[in-house]
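Trainee: Quick one: the structure is below, questions incoming.
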Amino acid sequence: MDRYPVSSGTEWESTVGYSRAVRVGSQVHVSGTTATGEDGDVVAPGDPYAQTKYALEVVADALEEAGSSLEDVVRTRLYVTDIDGWEAIGKAHGEVFGDVRPAASMVEVQRLIDPDHRVEIEAVAIVDGPG
């Protein structure tokens, strides 16, 4: 089965040994994605809603490069540093996914890679047709 990795081009991918996303057959798995801009700075520090929206834009870009889209997402996992922000995070997730409504989990974690990150998102998509 063909394996198609998607790279964001950051130095961390080769150092840590991961890909932004990987497509194998009809499945696309997107790695944990945070609100980190192309300059390496955290986008919207302290704002879980804005960080969720930004991270999902990055997820959408990775899916597109793998021949998929947000409409193909069947599962998301949201790791958050303060579960009290669940409504803002959930609102942003709902605005992006609308009628797609993937299976989703939101889990509070002690911390993420940068103390200014409030959310990290993983996604799985199933695509019709060949890879």
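Note that our numbering has the sequence shown beginning at -17, numbered continuously upward. Heads up, the beta-carbon is just placed ideally off N, CA and C, and yes, glycines get one too.
Quick one: residues in its chain with C-beta nearer than 6 Å to the C-beta of residue 105, no 5 flanking neighbours on either side, listed in chain order?
Mentor: The count along the sequence shown starts at 1 and reaches residue 105 at position 123. Once the five neighbours on either side are set aside, the close Cβ partners of residue 105 are 12, 41, 55, 58.
Trainee: Considering just the uninterrupted stretch of the beta strand (DSSP E) at residue 103, what are its terminal residues?
Mentor: Along the sequence shown, read from residue 1 onward, the residue named residue 103 stands at position 121. For residue 103, the enclosing beta strand (DSSP E) has its first and last residue at 101 to 108.
Trainee: Check each candidate in -8, 26, 39, 73 and name the one with the smallest Cα separation from residue 98.
Mentor: Against the sequence shown, residue 98 aligns to sequence position 116. Nearest of -8, 26, 39, 73 to residue 98, Cα basis: 26.
Trainee: Given a threshold of 16 other Cβ atoms within 10 Å of its Cβ, counted over all protein chains shown, does residue 91 qualify as buried or as exposed?
Mentor: On the sequence shown, position 109 is the one that residue 91 refers to. Its Cβ having fewer than 16 others within 10 Å, residue 91 is exposed.
Trainee: Applying the criterion that 16 or more other CB atoms from any shown protein chain within 10 Å of the CB defines a buried residue, is residue 87 buried or exposed?
Mentor: Here residue 87 is taken as the residue at index 105 of the sequence shown, counted from 1. Exposed, by the Cβ-count rule.
Trainee: Is residue -11 buried or exposed, if buried means 16 or more other CB atoms sit within 10 Å of its CB?
Mentor: Position 7 of the sequence shown, counting from 1, holds the residue named residue -11. Flag for residue -11 reads exposed.
Trainee: Thinking C-beta only, is residue 101 closer than 9 Å to residue 18?
Mentor: In the sequence shown, residue 18 corresponds to position 36, counting from 1. In the sequence shown, residue 101 corresponds to position 119, counting from 1. For residue 18 and residue 101, no; Cβs fall outside 9 Å.
Trainee: Assign residue -3 to one of three DSSP states: helix, strand, or coil.
Mentor: For the purposes of this step, residue -3 is taken as residue 15 along the sequence shown, with counting starting at 1. Residue -3: helix per DSSP, three-state reduction.
Trainee: Which stretch, first to last residue, makes up the alpha helix (DSSP H) that contains residue 41?
Mentor: If you number the sequence shown from 1, residue 41 lands on position 59. Here the alpha helix (DSSP H) through residue 41 covers 30 to 47.
Trainee: Quick one: give me the first and last residue of the alpha helix (DSSP H) that residue 25 is part of.
Mentor: Within the sequence shown, residue 25 is the residue found at index 43, counting from 1. Neither: residue 25 is in no alpha helix (DSSP H) and is coded neither H nor E.
Trainee: Using a Cβ-Cβ cutoff of less than 6 Å, which residues in the same chain neighbour residue -15 once the five nearest sequence positions on both sides are dropped?
Mentor: Along the sequence shown, read from residue 1 onward, the residue named residue -15 stands at position 3. Excluding positions up to five away in sequence, the list reads 6.
Trainee: Closest to residue 29 by CA distance: which of -13, 69, 83 is it?
Mentor: Numbered from its first residue, the sequence shown carries residue 29 at position 47. Closest by alpha carbon: 69.
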